[in-house]
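Q: Take a look at this one; I'll ask things after.
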Amino acid sequence: MWKNMGLTGKIIVAMVLGIILGLFINYFGLNSEGSFVNNYITNGFFAIIGKLFVNSLKMLVVPLVLISLICGVCGIGDIRLLGRIGTKTFLIYMMTTALAIATAIGLGVLFGIGKGMDIETEATFEAASAPPLLDVFSNIVPSNPISAMANGDMLSIIFFAVLIGISILMVGKPAKGLVQSLELINEVILKMVTIIMNLAPYGVFALLTNAMAELGLDLIWSLLGYVAVLIGSLAFHFFITMMIVLKLFSGLSVKTFLAKMREVQIFAFSTSSSNATIPITLRTVTKRMGVNNSVASFTVPFGATINMDGTAIMQGTATIFIANIYGINLGITEYLVVILMSVLASIGTAGVPGVGLIMLSMVFAQVGLPIEGIGLILGVDRILDMLRTAVNVGGDAAVTAIVAKSEDKMDLAIYNDPDAGLRDVFDGHISEDSEREFSHVFSDGLIGSEYDDVDRRKL
Numbered sequence: 275m276w277k278n279m280g281l282t283g284k285i286i287v288a289m290v291l292g293i294i295l296g297l298f299i300n301y302f303g304l305n306s307e308g309s310f311v312n313n314y315i316t317n318g319f320f321a322i323i324g325k326l327f328v329n330s331l332k333m334l335v336v337p338l339v340l341i342s343l344i345c346g347v348c349g350i351g352d353i354r355l356l357g358r359i360g361t362k363t364f365l366i367y368m369m370t371t372a373l374a375i376a377t378a379i380g381l382g383v384l385f386g387i388g389k390g391m392d393i394e395t396e397a398t399f400e401a402a403s404a405p406p407l408l409d410v411f412s413n414i415v416p417s418n419p420i421s422a423m424a425n426g427d428m429l430s431i432i433f434f435a436v437l438i439g440i441s442i443l444m445v446g447k448p449a450k451g452l453v454q455s456l457e458l459i460n461e462v463i464l465k466m467v468t469i470i471m472n473l474a475p476y477g478v479f480a481l482l483t484n485a486m487a488e489l490g491l492d493l494i495w496s497l498l499g500y501v502a503v504l505i506g507s508l509a510f511h512f513f514i515t516m517m518i519v520l521k522l523f524s525g526l527s528v529k530t531f532l533a534k535m536r537e538v539q540i541f542a543f544s545t546s547s548s549n550a551t552i553p554i555t556l557r558t559v560t561k562r563m564g565v566n567n568s569v570a571s572f573t574v575p576f577g578a579t580i581n582m583d584g585t586a587i588m589q590g591t592a593t594i595f596i597a598n599i600y601g602i603n604l605g606i607t608e609y610l611v612v613i614l615m616s617v618l619a620s621i622g623t624a625g626v627p628g629v630g631l632i633m634l635s636m637v638f639a640q641v642g643l644p645i646e647g648i649g650l651i652l653g654v655d656r657i658l659d660m661l662r663t664a665v666n667v668g669g670d671a672a673v674t675a676i677v678a679k680s681e682d683k684m685d686l687a688i689y690n691d692p693d694a695g696l697r698d699v700f701d702g703h704i705s706e707d708s709e710r711e712f713s714h715v716f717s718d719g720l721i722g723s724e725y726d727d728v729d730r731r732k733l
């Protein structure tokens with residue numbers, strides 16, 4: 275039965291079994307500190323398996339983003355089109371982030387979460403400082419691209435890859451062999467993604483067993499109002515708001531999109547990392563949804579860096595919750611400040627570890643809430659972070675589909691085919707799709723002496 279089950283089915287089964295086993299271990303106190311189960315099973319065997327799985331995904335992020343984005347820029351061919359795609363992507367991401375936090379604030383106020391509650395906690399929180407916005411923008415241009423890749427500075431990597439792609443376009447026909455080699459490397463990396471995906475059920479099972487064994491349900495019950503409103507806001511934003519945006523701006527089938535995103539969101543839920551999920555998201559939007567790599571290679575890593583719909587929802591919900599617990603009344607002005615701060619912080623803290631809590635401390639400071647109040651929600655933040663990540667990667671894919679459809683860079687036959695991309699076999703040569711994608715780039719009409727002369731004037 276297991277052998278005949280599809281990969282998505284295996285991952286779902288592994289996720290359910292992991293949650294059940296983890297809760298069982300937690301409920302019967304088998305995971306107490308110093309116990310055999312704690313030392314050798316949950317924080318031993320399962321922790322190692324989960325760490326290896328997440329590391330194997332992260333291992334592919336930098337080479338995949340770098341190579342895929344270079345190929346994507348070359349596939350676009352026209353530098354003006356690249357600028358249009360970048361501007362459109364940025365504006366849609368900012369719009370969805372604003373909608374996300376507005377939804378969270380609205381539901382938080384509606385249900386009055388935190389009013390009359392008296393929660394005691396031993397957890398403390400020390401706010402980390404976010405880098406100045408000026409530094410964020412100046413560091414987009416890496417002084418050392420190798421260091422940027424080693425540190426996983428995604429905005430710097432994106433800039434470096436785009437610059438290489440533009441330079442290849444300006445070189446013209448002599449660079450044809452280079453681009454074909456890069457495309458071949460890209461195919462090899464995608465094959466590595468496929469290999470790792472086949473191990474996903476075991477990684478997902480280990481990660482969720484470990485997480486549930488540690489968290490349990492007791493802490494979640496004590497913060498039920500906060501947890502329920504946050505989960506409700508996340509679900510409303512993705513399944514209602516984002517699907518309306520997708521349908522309105524692209525006309526694509528929502529049912530098809532949700533079906534093809536299921537696998538990606540399970541990965542995101544398990545890893546709690548948008549960056550670690552980049553290889554899976556890229557593979558899904560290109561192979562399963564028919565988005566041209568020239569668009570996806572830019573919008574997906576860019577979205578994983580600055581698109582923080584799930585995090586913005588957490589900020590809105592937490593702001594209402596903590597304000598009500600401490601008896602602090604917030605007005606329309608404060609709510610608008612929260613929305614504006616969250617949108618700006620999603621850019622200013624891009625790629626910073628612990629970004630959600632850093633952004634939340636910035637928001638609290640702006641509206642006069644006690645930052646130590648974050649300690650009240652730290653206990654449940656781990657499980658909710660998994661849900662936030664699933665919403666974030668769903669937004670990345672939705673915006674990618676919208677931009678690709680608007681630029682006529684999507685194969686609708688692939689999108690509407692439920693089985694597209696399920697068996698992604700690589701025969702050792704550049705695929706026919708890749709040949710078609712790049713054939714126009716190396717035609718005399720686009721790259722050559724005429725193109726060089728025209729585009730040097732553009733630059």
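Per my numbering, the very first residue in the sequence shown carries number 275; after that it's consecutive. Positions of the beta carbon are idealized from the N, C-alpha and C atoms, including for glycine. Here the structure is a predicted model, which means the values were calculated and not measured.
(1) Counting C-beta neighbours from all protein chains within 10 Å, is the total for D583 16 or more, i.e. buried, or is it exposed?
(2) Let me know if I469 comes out buried or exposed under the rule of 16 or more other beta-carbons within 10 Å of its beta-carbon.
(3) Using the C-alpha atoms, what's the distance from W276 back to A376?
(4) Assuming L556 and L326 form a contact by the criterion Cβ under 8 Å, report the distance between their Cβ atoms to the nearest whole angstrom.
(5) Please classify M333: does DSSP put it in a helix, a strand, or coil?
(6) So, for I359: in the same chain, excluding its five sequence neighbours on each side, which residues have a beta-carbon less than 8 Å away from its beta-carbon?
(7) With three or more beta-carbon pairs closer than 8 Å as the criterion, would you say the segment 630 to 649 touches the segment 468 to 483?
(8) Compare the C-alpha of T321 against each of A424, L356, F479, S455 and name the closest.
(9) By how many angstroms is the C-alpha of L658 removed from the C-alpha of I587?
(10) Among S546, V641, L522, which residue has its Cα nearest to the Cα of R656?
(11) Below 6 Å CB to CB, which residues in the same chain sit around T544 once its five sequence neighbours on both sides are set aside?
(12) Drop a sphere of 10 angstroms on the beta-carbon of A509, count the other beta-carbons inside from all chains shown, and report buried for 16 or more, exposed for fewer.
(13) Mind checking whether P575 and L331 have CB atoms under 8 Å apart?
(14) Going by CA-CA distance only, name the one from R536, A542, V347 that's closest to A664.
(15) Between which residues of its own chain and K389 is the CB-CB distance below 7 Å, once the five residues before and five after are set aside?
(16) To which residues of the same chain is N312 closer than 7 Å at the C-beta, ignoring the five residues directly before and after it?
(17) Straight-line CA distance for F298 to D691?
(18) DSSP puts V565 in a beta bridge; with which residues?
A: On the basis of the data shown:
(1) buried
(2) exposed
(3) 43 Å
(4) With 8 Å as the limit, L556 and L326 do not qualify as a contact, their Cβ atoms being about 21 Å apart.
(5) helix
(6) I350, V569, F572, T573, V677, E681
(7) no
(8) For the sequence presented, residue 321 should be read as Ala rather than Thr. Answer by Cα proximity: F479.
(9) 11 Å
(10) S546
(11) For clarity, residue 544 is Ser in the given sequence; the question names Thr instead. Cβ neighbours of S544 beyond the five flanking positions: V478, L481.
(12) exposed
(13) no
(14) A542
(15) N598
(16) N305, S306
(17) 40 Å
(18) M684
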